[in-house]
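> One structure, as structure tokens, below. Some questions next.
Protein chains in written order, with this note's numbering: chain S, -7 to 449; chain P, -7 to 449.
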């Protein structure tokens, strides 16, 4: 394992060129006009995994975008690691805020810039290169499977069925995932909790056409005003969510565990400075890390209606829409929450409008026990690279399929993320520091080594 | 005057061809990419007014779009009528709802279809053709001035200065305007009141970039949620506007006058059926005609922020915006109201966000006394065409410059509109019935005759 640094040094230009070939493909899963780019990206991954040393690699069809699946089997006697990642990326808007083109990756200021640089092309590609190193140097200590999907950013809908149908093929001792962040470049951490997710699109309709706001203003329900009033009533003055029974199943964290979590370093000043905000904002009675780690949240991710162009148009639009997401914590079922939202949201509508609610996707929350042997192996691997023990962190983000793996395949996942809070994933100017990219490639083989040692059959 | 019907019959194909040449020019004043179309439209109007019989016609520059100004002077001893209209039109979005192209006018089902067919190219062109008839038949009984502006839909900003600078040139005994509607095709009415208008654009900002709604959701102010909460607080459960002192100067209408107004025919059932709405919606304690006629209103004309594309993007946007309009009644000053809105809106913002308010335009309300000789002349003119006395109506709409004419030029306006509620002005599928168009051309010369008789010098 000791010559991994040298291997990276000798091959880093090629590593980046290969990664760039993935980043250049605009594999935006939420936009159906990019269907062909999904296929192109899957095919490029297949080439790269074969080159890296996989025995076999297939592009396996699903109901949606295909799964790239590869294997390298050494021996029945060795444990098996299943690497999970995704080759789809988020949309790029608002496009005018990108300083470099989203799909023309560049190296600048020691970072890789472009959509997917971190999430998740950059992070999952570290696994391909760590794997390549172990294969070429003859030190691969485990069997390896790769499963890369193309729908993570839209809810992994097809992957649930894919797992159901391929249970035996996907058999493994652990699932290893790099799709999360560390607390800081010098503060390694492992994500042990992920929030669940509910996502709906709502529409409020009033008259059958746009109306002149002078002739009708004051006498006809304005769907924008009404939608705003309905959204406003989803939370109260303490920023608690008002949907009846929303918090009913929320896992209550003991005061003891909250005190432990509070030991993780957090600076409100730095947080505010980094985001350029004047003040924090969230549920009364909880700290910022608690608000994202152990409490559910409700965010309007998009809203639109009426005239959005230059200048003034005096109109009452016939409809207004919004996209609303929930982040859920362990024990909250996104289907139940979506149903409760639906009933409550409809009840908020005055009789002068009609309301539509369309669920878009959802997923369960996940918790990784920190006494899991695989977790311990990850801990040791980070210590090799960073010289300090990683902090276990409950992230506010969601990777719904991780809970699905647990439920369907009965395999726990370990989330060895190397992203940073400043990587601007899902935003313009997504980036990934070269240092994190190379540290990831360096750390992963240590996980293999520790995991193999702990799982001798 | 009696042969106006015959003149229309003989020339109607040409009238429509000429009107279409105006309708084909996309003179959208709120969109600066249409700057050249404004000039083209002004030039076409100049040609048409000269052809119709004007002695002179000039395209007069202003700080914004030019004014088309024409004159026909017969004698110092005769009264002068100043025709006011506008050659600019509203934007066309949502474009997908137009059944025919907005700027490719057609005749279908007895109506003219296209942006501007009614508002205001169709209506102002009736004056050109009525004028042409009187000139060619030698029966023009007044001096005539035409003033057509290109900024009515964006607040007539340049026309105020134009009036100040051209006071003596614009001298007239009355201003005649066709830019309003009748109650129904068989129920002539004259608009005697117009609401004033305030229009602002607001923006709420939170973090310096779009954020991942999982990693930050619950811990950072979401500008969409906050904007919705702020908008919701602009009105109360009785649909009254909550801005402090908003109603302070509102002209209180006596119970007696309200009882008189209530005699005008109004069917809530038809109103709901026509707009396909389940219920009325407005300020408690007032009828629908009162809500638009004598009460101010607040409408969000547009809202936008975050992800509006297909599917789900889990993002907390960095900002959200809205366009908000007020319709104001006599005695409310739009500058004062805008200031009060500004102070109140800012006070609603939590410390976690910043707020911008940009006033876009405004105008005063207007009332035309029904004992004005010019009003009486208009009344008689409608009676000639429709065989019944027109009903005086306070419209909910605004033509801010009408109050400006009164203030700057000291001239009252008479609003002889021939539009119908079904003309979909400001909406997709704007239209203007041929019957209204030709009835307008027929009625206008009678106004000239009656007005000349009442104003013998």
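Note that the Cβ used here is the ideal one computed from N, Cα and C, for glycine as well. Only a predicted model underlies this, so the values are computations on that prediction, with no experimental measurement involved.
Output needed in chain order: residues of the region 283 to 315 of chain S with a Cβ under 7 angstroms from some Cβ in chain P.
Within the region 283 to 315 of chain S, the qualifying residues are 283, 284, 287, 289, 291, 292, 293, 294, 295, 296, 297, 298, 299, 300, 301, 302, 303, 304, 305, 306, 307, 308, 312, 315.
> Based on Cα-Cα distance, which residue from S:65, S:10, S:94 lies nearest to residue 18 (chain S)?
As a first step, residue 18 (chain S) is located in the first chain; it is residue number 26 there, counting from the start. The residue with the shortest Cα to Cα distance from residue 18 (chain S) is S:94.
> Under 8 angstroms, Cβ to Cβ, is there at least one residue of chain P near residue 200 (chain S)?
For the purposes of this step, residue 200 (chain S) is taken as residue 208 along the first chain, with counting starting at 1. Output row for residue 200 (chain S): interface = yes.
> Is there a Cβ of chain S sitting closer than 8 angstroms to that of residue 214 (chain P), yes or no?
Counted from its first residue, the second chain places residue 214 (chain P) at position 222. Judged by the 8 angstroms Cβ criterion, residue 214 (chain P) is in contact with chain S.
> When we look at the beta-carbon of residue 444 (chain S) and count the other beta-carbons within 10 Å, is it buried (16 or more) or exposed?
One-based indexing of the first chain puts residue 444 (chain S) at position 452. When all chains shown are included, residue 444 (chain S) counts as buried.
> Look at the alpha carbon of residue 182 (chain P) and the alpha carbon of residue 382 (chain P), and state the distance between them as a whole number of angstroms.
Residue mapping note: residue 182 (chain P) aligns to position 190 of the second chain, counting from 1. Residue mapping note: residue 382 (chain P) aligns to position 390 of the second chain, counting from 1. Cα to Cα, the separation comes out at about 6 angstroms.
> Can you give me the Cβ contacts of residue 154 (chain P) inside the same chain, cut-off strictly under 8 angstroms, excluding the 5 residues immediately before and after it?
By one-based count along the second chain, residue 154 (chain P) stands at place 162. Counting only Cβ-Cβ distances below 8 angstroms, and skipping sequence neighbours, we find 52, 54, 59, 141.
> Between S:399, S:37, S:271, S:159, which has its C-alpha nearest residue 346 (chain P)'s C-alpha?
In the second chain, residue 346 (chain P) corresponds to position 354, counting from 1. When each option's Cα is compared against that of residue 346 (chain P), the closest is S:271.
> By DSSP, does residue 244 (chain S) sit in helix, in strand, or in coil?
Position 252 of the first chain, counting from 1, holds the residue named residue 244 (chain S). Correct three-state label for residue 244 (chain S): coil.
> So, are the CB atoms of residue 48 (chain S) and residue 68 (chain S) less than 8 angstroms apart?
The count along the first chain starts at 1 and reaches residue 48 (chain S) at position 56. The count along the first chain starts at 1 and reaches residue 68 (chain S) at position 76. Not closer than 8 angstroms, so no.
> Does residue 247 (chain P) pass the burial test, meaning 16 or more other C-beta atoms within 10 Å, or should it be called exposed?
Against the second chain, residue 247 (chain P) aligns to sequence position 255. Counting Cβ neighbours within 10 Å, residue 247 (chain P) comes out exposed, since fewer than 16 surround it.
> Please identify the residue among S:385, S:122, S:336 whose C-alpha is closest to the C-alpha of residue 281 (chain S).
Taking the first residue of the first chain as 1, we reach residue 281 (chain S) at position 289. Ranking the options by Cα distance to residue 281 (chain S), first place goes to S:385.
> Along the chain, which unbroken stretches of the beta strand (DSSP E) at least 3 residues long are found entirely within the region 67 to 101 of chain S?
Complete beta strand (DSSP E) runs here, min 3: 72 to 78, 98 to 100.
> Chain P partners of residue 82 (chain S), CB-CB under 7 angstroms?
Taking the first residue of the first chain as position 1, residue 82 (chain S) is located at position 90. The contacting residues are 305.
> Counting along the chain, where does the alpha helix (DSSP H) carrying residue 446 (chain S) start and finish?
Sequence index remark: in the first chain, residue 446 (chain S) carries index 454 (1-based). 426 to 446 is the span of the alpha helix (DSSP H), which, as asked, contains residue 446 (chain S).
> Going by Cα to Cα distance, which pick from P:79, P:71, P:4 is closest to residue 33 (chain P)?
Reading the second chain from its first residue, position 41 is the one you call residue 33 (chain P). When only C-alpha atoms are compared, the closest one is P:79.
> Below 8 angstroms between beta carbons: does that hold for residue 170 (chain S) and residue 408 (chain S)?
Within the first chain, residue 170 (chain S) is the residue found at index 178, counting from 1. Within the first chain, residue 408 (chain S) is the residue found at index 416, counting from 1. The answer is yes: Cβ separation under 8 angstroms.
> Considering just the uninterrupted stretch of the beta strand (DSSP E) at residue 52 (chain P), what are its terminal residues?
Here residue 52 (chain P) refers to the residue found at position 60 of the second chain. Per DSSP, residue 52 (chain P) belongs to the beta strand (DSSP E) from 48 to 52.
> Note the first and the last residue of the continuous beta strand (DSSP E) segment covering residue 315 (chain P).
Walking along the second chain from the start, residue 315 (chain P) turns up at place 323. Note, residue 315 (chain P): beta strand (DSSP E), 311 to 320.
> Just the C-alpha distance for residue -4 (chain S) and residue 44 (chain S), rounded to the nearest angstrom, thanks.
As a working note, residue -4 (chain S) is residue 4 in the first chain. As a working note, residue 44 (chain S) is residue 52 in the first chain. When rounded, the distance between both Cα atoms is 15 angstroms.
> Could you confirm whether any beta carbon from chain C is found closer than 8 angstroms to the beta carbon of residue 339 (chain S)?
Of the chains in the structure shown, none is chain C; the protein chains are S and P.
> Does residue 270 (chain S) get closer than 8 angstroms to chain P when you measure Cβ to Cβ?
Here residue 270 (chain S) refers to the residue found at position 278 of the first chain. Yes, contact with chain P.
> Does the contact criterion of 3 or more C-beta pairs under 8 angstroms hold for the region 356 to 375 of chain P versus the region 215 to 232 of chain P?
Segments in contact, no.
> In terms of residues, what are the limits of the beta strand (DSSP E) holding residue 117 (chain S)?
On the first chain, residue 117 (chain S) is found 125 positions in, with the first residue counted as 1. Not the beta strand (DSSP E): residue 117 (chain S) falls in the alpha helix (DSSP H), residues 113 to 128.
> Between which two residues does the beta strand (DSSP E) carrying residue 485 (chain S) extend?
In the structure displayed, chain S extends from -7 to 449; residue 485 (chain S) sits before or after that span and is not available.
> Along chain P, in chain order, which residues have C-beta atoms closer than 7 angstroms to that of residue 178 (chain S)?
Taking the first residue of the first chain as position 1, residue 178 (chain S) is located at position 186. Result: empty, since nearest Cβ-Cβ is about 19 angstroms, beyond 7 angstroms.
> Would you tell me roughly how many angstroms separate the C-alpha atoms of residue 478 (chain S) and residue 65 (chain S), rounded to the nearest one?
Here chain S covers residues -7 to 449 and nothing more, so residue 478 (chain S) does not appear.
> Identify, in the order they occur along the chain, each residue of the same chain with its Cβ nearer than 6 angstroms to the Cβ of residue 108 (chain S), setting aside the five sequence neighbours on each side.
Counted from its first residue, the first chain places residue 108 (chain S) at position 116. Within the same chain, residue 108 (chain S) has close Cβ partners 15, 81.
> Taking all protein chains shown into account, decide if residue 99 (chain S) is buried (16 or more other Cβ within 10 angstroms of its Cβ) or exposed.
Numbered from its first residue, the first chain carries residue 99 (chain S) at position 107. With fewer than 16 other Cβ atoms within 10 Å, it is exposed.
> Excluding the 5 residues flanking residue 352 (chain P) on each side, which residues of the same chain have their C-beta closer than 7 angstroms to its C-beta?
Working through the second chain from its first residue, we reach residue 352 (chain P) at position 360. Here the set comprises 191, 192, 193.
> Name the two residues that bound the continuous alpha helix (DSSP H) containing residue 63 (chain S).
Against the first chain, residue 63 (chain S) aligns to sequence position 71. Taken as a continuous stretch (DSSP letters only), residue 63 (chain S) belongs to no alpha helix (DSSP H), being part of the beta strand (DSSP E) at 59 to 64.
> Which residues of chain S have a Cβ atom closer than 7 angstroms to the Cβ of residue 343 (chain P), listed in chain order?
The sequence position of residue 343 (chain P) within the second chain is 351, counting from 1. Those are 270, 271, listed as they occur along chain S.
> So residue 75 (chain S) and residue 138 (chain S) are in contact, right, with Cβ under 8 angstroms, and what is the actual spacing, rounded?
Taking the first chain and counting its residues from 1, the one referred to as residue 75 (chain S) is at position 83. Taking the first chain and counting its residues from 1, the one referred to as residue 138 (chain S) is at position 146. The pair is a contact, with the Cβ atoms about 5 angstroms apart (cut-off 8 angstroms).
> Could you tell me the boundaries of the beta strand (DSSP E) in which residue 193 (chain P) lies?
For the purposes of this step, residue 193 (chain P) is taken as residue 201 along the second chain, with counting starting at 1. 188 to 197 is the extent of the beta strand (DSSP E) around residue 193 (chain P).
> When DSSP labels each residue in this structure, what does residue 418 (chain P) get in the three-state scheme?
Stepping through the second chain from its first residue, residue 418 (chain P) is reached at position 426. Coil, per DSSP.
> Using a Cβ cut-off of 7 angstroms, pull out every chain P residue sitting near residue 325 (chain S), in sequence order please.
Locating residue 325 (chain S) in the first chain gives position 333, counting from the first residue. Per Cβ cutoff of 7 angstroms: no residues; residue 325 (chain S) is ~18 angstroms from chain P at best.
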